[in-house]
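Working notes, structure below.
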Amino acid sequence: MDIQRRLAPRVSAEDGLKGPPRYVAGVDLSPPGPSGNAVGAVVVLGLPDLQIAEVQVFEGKPGFPYVPGLLSFRELPLVLGALERLVTAPDLILADGQGLAHPRRFGIACHLGLLTDTPAIGCAKSNLRGLMEGALPPERGAYVPLADRGEVVGAAVRTREYVNPIYVSIGHKVSLGSAMGWVLACCKGYRVPEPTRLAHLAAAGRISSREPIVLGNAR
DNA sequence: GCGACAG
DNA sequence: ATCTTGTCGC
0 MDIQRRLAPR VSAEDGLKGP PRYVAGVDLS PPGPSGNAVG AVVVLGLPDL QIAEVQVFEG
60 KPGFPYVPGL LSFRELPLVL GALERLVTAP DLILADGQGL AHPRRFGIAC HLGLLTDTPA
120 IGCAKSNLRG LMEGALPPER GAYVPLADRG EVVGAAVRTR EYVNPIYVSI GHKVSLGSAM
180 GWVLACCKGY RVPEPTRLAH LAAAGRISSR EPIVLGNAR
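Number 88 in numbering that gives the first Met the number 0 belongs to position 89 of the first sequence; there are no gaps in the numbering.
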């Protein structure tokens, strides 16, 4: 997509945060239901406690199919709808997908960061672009750079001992080193960061609005 | 041409 | 994203 190639140069890898973020948001989109509608969700957490500060959702019909490399065009319209309902402005946004680790260096985290002019980080559960430079040690916090076409586009980060890594890459207004630090600060016992994990639950309707934190495993 | 392919 | 039982506990 030409839009991605045109916007990619506007991504900033400089740290845009003065100190640690006070509010971190996670965003996600549910799969479409029987009606064809999906739900974009945003969950804002306070740092360093990771307590829920606010939850917002926005339901509608995705206007774009899932195409690898074009995820942001499917997910962002509904996610932005949820973000516009926020009262609590996040200092940092975590997206479920890639940032720079993308064929055109413009994954969903870059797109979201530019559109909101907010520091953003991509946290994907699987790899899309880049090869791990070496072996990944098994302990939490270990990481190896992801290289693609001679550039470091992100890192595979072990967020729990002995579990598969997540793929962290820059979205906007953040350095890779800071991004990895904040992602780890957001991981509390699960493979994925709390903000995106909770956004996933909120999109699925498993989190009502604000107060109760639903327990780990239920069906 | 072939393979790979975030959610 | 989804399809699914038993198995394991770093």
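Using N, Cα and C, we set each Cβ at its ideal position, and we do this for glycine too.
- Taking ALA154 as reference, the option from ARG148, GLU160, PRO164 with the minimal CA-CA separation is PRO164.
- For GLN3, the uninterrupted alpha helix (DSSP H) segment begins and ends at 1-6.
- The alpha-carbon of ARG21 is positioned some 11 angstroms away from that of TRP181.
- In the three-state reduction of the DSSP assignment, GLU138 falls in the coil class.
- Note that the region 166-173 touches the region 99-107; at least 3 beta-carbon pairs, one per stretch, sit closer than 8 angstroms.
- Out of ARG104, LEU75, ARG84, the CA that lies nearest to the CA of ALA94 is found in LEU75.
- Counting along the chain, SER71 sits inside the alpha helix (DSSP H) bounded by residues 70-83.
- The region 188-208 makes contact with the region 52-64; the number of CB pairs closer than 8 angstroms reaches 3 or more.
- Residues of the same chain with a CB within less than 7 angstroms of the CB of SER11, apart from the 5 flanking positions on each side, are HIS171, LYS172 in chain order.
- In this chain, the alpha helix (DSSP H) harbouring VAL182 covers 175-184.
- A straight line joining the alpha-carbon of PRO30 with that of THR87 spans about 26 angstroms.
- Secondary structure of ALA88 (DSSP, three-state): coil.
- Closest option to GLY188, judged by alpha-carbon separation, among TYR161, GLU58, THR117: TYR161.
- Straight across, the Cα-Cα distance linking ALA141 with ARG159 is about 9 angstroms.
- Within the model, the alpha-carbon separation for GLU13 versus GLU83 is close to 25 angstroms.
- Judged by DSSP secondary structure, ALA52 falls within the beta strand (DSSP E) whose first and last residues are 50-59.
- DSSP, reduced to helix, strand and coil, places ILE107 within a helical segment of the structure shown.
- LEU130 is classed as exposed because its beta carbon has fewer than 16 other beta carbons within 10 Å across all chains shown.
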